[in-house]
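Below: one structure, written as structure tokens.
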Amino acid sequence: MSSPSLESQSLLPIILASLVSWGSVSGLMRFLQGAPSWVTVSAHIFFTASLFSIVFTGYYQIYKNAHPFTTAAVAVLAYITAEIVFWTLAFPDAQPYHYTYLDWVIPLFIATSVIYFAGVLFRQPKIIGK
Amino acid sequence: MGVAWILVEVFVNIFHGLSRFWYILWHYLVVGGAFFLVFLCYFSLFSFFSIFSTMAIAMVFLFLIEVVVFRYMYSGELWFLNYLDWIIPVFFAASGVYAAGWFVA
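In structure tokens, the structure reads:
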């Protein structure tokens, strides 16, 4: 089992991939503002799972030795930083979703899971036993 | 948050010899239970922040404690930095805090 290591990985591509995914989800969610909460919550989960899996599958195709845990940790830190900078500090009235368990905690957990498992499934070499 | 984290670390240190299945199962139960009970006390006594803000602040401090302890004070193998042993427990910790807030509200 390989240990996570930051030394062997460049942070910038992870941060960029995370911001592209997060920005795409946020942009799509802006179109659904005013929709019933069951629509926005479902759409947020669906967009998060879809876009993060597409972007990070592409990332692992390029960076074949990236470690899934390190990648997920850095990507989530970039995600949370973007949330704080955009929807708390810069544009607090424009946040495209509510800060609740269903509307934020679950999508973040799904994003983390998708990033991790994209790495487990699509990186080279495979990590055995994870 | 520190109290809940210490309770979980005590569990990890005592019960790491369990079989993999039972260790993971008990780890999840202890993490969810410890964070729920500690924050049940917190929400019963204090109301400084909303449930979401309390959960977010608790998670930030959880990450800070983990980074400081496992980066600067721990010299063993970082075998637990994987999905089953770290990412899911953090999700249960956040859910435990949130559930405690809901329960008290």
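Residue numbers (the numbering used here), protein chains in the order written: chain A, 1270 to 1399; chain B, 3 to 107. Glycine included, each C-beta is placed from N, C-alpha and C at the ideal position.
Through-space distance from residue j to residue i, alpha-carbon basis
i                       : j                       : result
residue 53 of chain B   : residue 29 of chain B   : 24 Å
residue 1336 of chain A : residue 73 of chain B   : 18 Å
residue 1375 of chain A : residue 90 of chain B   : 12 Å
residue 43 of chain B   : residue 103 of chain B  : 10 Å
residue 1400 of chain A : residue 1323 of chain A : This structure cannot settle anything about residue 1400 of chain A, because the visible part of chain A is limited to 1270 through 1399.
residue 1321 of chain A : residue 84 of chain B   : 19 Å
residue 1314 of chain A : residue 1297 of chain A : 12 Å
residue 26 of chain B   : residue 11 of chain B   : 14 Å
residue 1302 of chain A : residue 1365 of chain A : 6 Å
residue 37 of chain B   : residue 94 of chain B   : 8 Å
residue 1270 of chain A : residue 41 of chain B   : Confidence at residue 1270 of chain A is low in this model, with a pLDDT of 46, below 50, so the placement of that residue is unreliable and no value is reported for it.
residue 1319 of chain A : residue 35 of chain B   : 32 Å
residue 100 of chain B  : residue 57 of chain B   : 6 Å
residue 1304 of chain A : residue 1310 of chain A : 10 Å
residue 3 of chain B    : residue 88 of chain B   : 16 Å
residue 1383 of chain A : residue 1317 of chain A : 9 Å
residue 106 of chain B  : residue 1373 of chain A : 21 Å
Same chain only: Cβ atoms within 6 Å of residue i, ignoring 5 sequence neighbours per side
i                       : result
residue 1289 of chain A : 1324
residue 1312 of chain A : 1301
residue 1291 of chain A : 1348 and 1351
Burial state of residue i, where buried means 16 or more other Cβ atoms lie within 10 Å
i                       : result
residue 75 of chain B   : exposed
residue 1361 of chain A : exposed
residue 22 of chain B   : exposed
residue 97 of chain B   : buried
residue 1299 of chain A : exposed
residue 17 of chain B   : exposed
Span of the alpha helix (DSSP H), counted from its first residue to its last, around residue i
i                       : result
residue 1365 of chain A : Residue 1365 of chain A -> no alpha helix (DSSP H), and no H or E assigned at all.
residue 84 of chain B   : Note, residue 84 of chain B: premise wrong, no alpha helix (DSSP H); not H, not E.
residue 35 of chain B   : 22-47
residue 10 of chain B   : 4-17
residue 1369 of chain A : It is not in any alpha helix (DSSP H) - residue 1369 of chain A carries neither H nor E in the DSSP assignment.
residue 1330 of chain A : 1306-1331
Spatial neighbours of residue i in its chain, beta-carbon cut-off 8 Å, leaving aside the 5 residues before and after
i                       : result
residue 1286 of chain A : 1324, 1325, 1327, 1328 and 1344
Sequence-distant residues of the same chain with beta carbon closer than 7 Å to residue i, five excluded per side
i                       : result
residue 1399 of chain A : For residue 1399 of chain A, the pLDDT reaches just 49, beneath the cut-off of 50, and the residue's location in the model is therefore unreliable, leaving the point undetermined.
residue 1293 of chain A : 1320
residue 82 of chain B   : 88
Any non-hydrogen atom of the ligand MG closer than 7 Å to residue i Cβ
i                       : result
residue 1382 of chain A : This structure does not include the ligand MG; it has no bound ligands of any sort.
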